[in-house]
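S.K.: Start counting the sequence shown at 26; every next residue gets the next number (our numbering).
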Amino acid sequence: MNKQTITLSVVVLCATALFAEETTLAPITVQSSTIVDIAEDMKTEPSTVNTINEEEITKINPKNINNLLQTIPGITADVRNSAVEIHIRGISQQEFMWEDTGVAIVIDGVPVLQNGGKIKFNIDEIESIKVIKGGASYLYGNNALAGAVIITTKKAKNKTSGWISVEGGSYGYKNAETNLKYATDKYAASLNLNFLDDDSYWDQEGENWNKSVNGKLQYYIDETSDVTLGINYTDRFEAGGGSVTGVTNAELYPKGIEGDWSYIRDYYSTLQKYFLRYEKEFSNGGQFMANAYYYKDEYDYKSSPQDIDGDTIDDFYLNDNNDNIEQYGVKTEYRASLENLAYMVGLDTGQRIFDKYRVQLEDTYRGKQGDYTDSTNTEDRLAVYGEGKYAITSAWTAIANLRIDYDKYNYTSLSYSAADGVITADNDTSFTNCSYRLGTTYDFMTRHTLFANVSTGFRNPTVSQIYAGDFDPQDYVNNPNLDPETTINYEIGLRGTLLESIYYEASLFLTDTKDIIAKNGGTYYSSNADIMFDNVGDARNRGVELSLKSDRRKALSFSLAYTYLDAYYTSHTPFTVSLGNPYVRSVDPAADDVTYDINGNQLPRVPHHKLDLFVHYKIRSNLELSAEFYAQSEYYADETNLVTMPGYGKMNLFANYSPTENLEIFAKMENVFDKQYYRTVYLFSDSNYDGVLDAEDASITVDPGRLFYLGLRYRF
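1) If we count Cβ pairs, one from each stretch, closer than 8 Å, do we get three or more for the region 636-643 versus the region 580-591?
2) For Ser611 and Tyr621, I'd like the C-alpha separation in whole angstroms.
3) Report the three-state DSSP secondary structure of Ala40 (helix, strand or coil).
4) Figure out for me which residue from Ser658, Val602 and Asn626 has the closest Cα to the Cα of Leu718.
5) Hey, Lys280 and Trp234 are a contact pair by Cβ (cut 8 Å); roughly how many whole angstroms apart?
6) Tell me whether Met369 is buried or exposed, calling it buried when 16 or more other Cβ atoms sit within 10 Å of its Cβ.
7) Should Ser308 be labelled buried (16 or more other beta-carbon atoms within 10 Å of its own) or exposed?
8) Which residue or residues does DSSP assign as beta-bridge partners of Lys88?
9) Please go through the same chain and pick out, in chain order, the residues whose beta-carbon is closer than 6 Å to the beta-carbon of Arg508, but skip the five residues on each side of it.
10) Return the bridge partner residues of Trp234 from the DSSP annotation.
11) If you compare alpha carbons, which of Glu263, Asp495 and Ala129 is closest to Asp222?
12) Starting from Glu473, follow its DSSP beta bridges and name the residues at the other end.
13) Mind the definition here: the region 645-661 touches the region 673-683 only if three or more C-beta pairs lie below 8 Å; say whether that holds.
14) Tell me whether Ser575 is buried or exposed, calling it buried when 16 or more other Cβ atoms sit within 10 Å of its Cβ.
15) Where do the ends of the alpha helix (DSSP H) carrying Phe496 lie?
16) Gly446: beta carbon under 7 Å from a heavy atom of the ligand GDP?
17) Would you mind sorting Asn687 into buried or exposed? The rule is 16 or more other CB atoms within 10 Å of its CB.
18) Let me check one thing: in DSSP terms, what residues is Glu192 bridge-paired to?
19) Along the alpha helix (DSSP H) that carries Asn274, what are the first and last residues, could you check?
20) Which stretch, first to last residue, makes up the beta strand (DSSP E) that contains Leu170?
21) Given this structure, state the Cα-to-Cα distance separating Lys381 from Phe313, to the nearest angstrom.
22) As an exercise, report each continuous beta strand (DSSP E) stretch of at least 3 residues that is fully enclosed by the region 531-605, in chain order.
23) For Met670, count neighbouring Cβ atoms within 10 angstroms of its own Cβ and tell me buried if that reaches 16, exposed if not.
24) On the DSSP letters alone, give me the boundaries of the beta strand (DSSP E) that Trp227 sits inside.
25) Would you identify the three-state DSSP class for Glu80, choosing helix, strand or coil?
26) On the criterion of 16 or more Cβ atoms from any shown chain inside 10 Å, does Lys23 qualify as buried, or is it exposed?
27) Considering only the alpha carbon of each residue, which of Leu427, Tyr397, Ile378 and Asp396 lies closest to Thr403?
28) Relative to the C-alpha of Asp348, which candidate in Asp322, Asp373, Leu386 and Tyr207 has its C-alpha closest?
29) Look at the Cβ atom of Arg114, then the Cβ atom of Gly625, and state whether they are nearer than 8 Å.
30) Kindly provide the ranges of any beta strand (DSSP E) runs that are 3 or more residues long and lie completely inside the region 631-677, ordered along the chain.
31) Who are Leu254's beta bridge partners in DSSP?
32) What are the partner residues of Asp380, as DSSP defines its beta bridges?
33) Please list, in chain order, all residues of the same chain as Ser438 whose beta carbon is under 6 Å from its beta carbon, the five residues on each side excluded.
34) I need the straight-line Cα distance from Asn217 to Leu138, nearest angstrom please.
35) Note the first and the last residue of the continuous beta strand (DSSP E) segment covering Pro330.
36) Taking Thr511 as the reference, which of Glu70, Thr101 and Asn167 has the closest Cα?
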């Protein structure tokens, strides 16, 4: 524990002893790992927490989750199509190839593992989103380096109602949704059906579709307890990624060009989620929750396009892949209050199984057709956690969180190649981590709250990283000394109400990341030389966040989210980039590589400034117009900071009109001024083989430009 943390601990403990008085504290309202809806008391929340409710989601009419998250300060996202890779405060922004992003994704109370750290989820099923910023492993354990995104799906309510909506838009966009709710004195049920089809803007991508069913049944056992069953089943297909190589091609051929293929193609996924939750309220005000769950994701896709003759035109996809992820477990929590003390304790136990099968489809210098790898990664998890809130005075509250995680991993692999025959490997490892948050809040002048906290996060290395040499002896060596990657976050801020109707929250933060896990040569460096996964360096992310929201009930209202972010490496091992044509290299591949000193460099794809402004105007009670302006500054495309990508600004317009009580017409225009900008940029090698790393090597997804949507919603 460092000096800053010790100092805060001493201050809180001394204050408790000196200033404690008789103060009744309401039942704890911690942003816990459950989905229990209890009144939120932001006056005693020491961290930055942002919420997007159902009404806001409906008005924004999102086409991907980034449409929602960009309204929150501190969020950066890589958007290629419907799959979105989320980052908080720029942490782990250097990674983009199937890694977890240091953000815990929590769906209906359960932290979920999804392929590549990207959210693959039907946006129309979301009822609300909460974002907790700063290390959040004190609640969610492994991978919550930067925070958590908590998604609650549409649920049963104590009323009978329903609606049906249809929507059409640019490039063959079609979306149909039905939501039904039924309630009696003994139970409440909801059913949500959705179908989406999109022909896509990008030439190489083709059709994308989504079919989903989401249902919940809540049974009231008595006046103090209930049980809820939740079921979700989704089928998805995405043809491709829609990227081009180089800024020139992005300008001339933004939809893509023949022979420049995305890394993944024909991506089929089936997502299943089932949970059974029991809740009980006791006469003393205590609350108990137990949540049993089973989640299963299945993915089939082609990957790794190959330019076999070195003419920069892709010829075929090298691999066929099948990934299966199963997650099941039980989470229990109990919360209560005792005069000026409120507390929560929890137990989290479960298992994740990640099966991956990959077979080579063509002969290349990397191997022969039929070469394959079949691997299973198993994670067993056991954690205990808790939170305490103590009212030192009626205005001053101290908060402490603690979580202890024990994670055990086993990785087995069976691979076959024509060159080496059958190779088997079986390794295991385990980690014990302790995560915490210490915080305080102080209310003053009735409407304002000062808050501060120190929180931590961690990400364990995988068995396949530690023992990479056992699974791929040609290219890797083992590193049994690989340590978990960790973060410690310091934050201080103010929140409250201005002019009686404007809610504000402003915060200063600093996050230090230690022991970044990556390949020792560079994030995505590979050659014929032996390489390994190592703790390659440290980073610091610091900045300012500001959020303003006025009263939506008034005729004119607004919301504003601003972020200033400075993210840079405080230390890093030498960073190597492959240059030249790998198909005509010399015997020594290292002769075509260049190594850079990136100490002090900015993390890639992290703009210093981001701004999102929403303005809403109610012309009449049944007619509302809204405008959104979003802007971000320039950023570096990769770790070397040799290539800068431009910033951009865009405007979106929205309209909602209700000619009758039951009928609503809604319209949306994205990118009103048809601004061409880059949604996502990745740069990690000399893609055009000219011996220089520059903007012509970047993989770029160009925004489609101006888009139109028009829909009808009928409520009954």
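Think of the CB as a built atom: it goes at the ideal place given N, C-alpha and C, for glycine as much as any other residue.
Keep in mind that this is a model prediction, so the values were computed, not measured.
M.R.: Answer, in terms of the structure:
1) yes
2) Below a pLDDT of 50, predicted positions are generally treated as unreliable, and Ser611, at 44, falls in that range; the measurement from the model is reported next regardless. In a straight line, the C-alpha of Ser611 is about 21 Å away from that of Tyr621.
3) Interpretation of Ala40 is limited by its pLDDT of 39, a score under 50 that renders its predicted location unreliable; no figure is taken from the coordinates.
4) Val602
5) Wrong, their Cβ atoms sit about 20 Å apart, outside the cutoff.
6) buried
7) exposed
8) Paired residue(s): none; Lys88 is not in a bridge.
9) Just to set this straight, residue 508 is Asp in the shown sequence, not Arg. The residues are Asp540 and Asn560.
10) Asp222 and Phe262
11) Glu263
12) In the sequence as displayed, the identity of residue 473 is His instead of Glu. According to DSSP, which records beta bridges pairwise, His473 is partnered with Phe469 and Gly521.
13) yes
14) buried
15) Ala493 to Phe496
16) No copy of the ligand GDP appears in this structure; indeed no ligand is present at all.
17) exposed
18) Asn200 and Gly736
19) Val272 to Leu277
20) Counting along the chain, Leu170 falls outside any beta strand (DSSP E), and DSSP gives it neither H nor E.
21) 38 Å
22) 558-575, 581-597 and 600-603
23) buried
24) Note, Trp227: premise wrong, no beta strand (DSSP E); not H, not E.
25) helix
26) No information on residue 23 is available, as it lies outside the stretch 26 to 741 that the chain covers here.
27) Ile378
28) Asp322
29) no
30) 634-645 and 648-657
31) Leu242 and Leu301
32) Asn349 and Thr401
33) Ser400, Ala450 and Phe496
34) 23 Å
35) Gln312 to Gln331
36) Asn167
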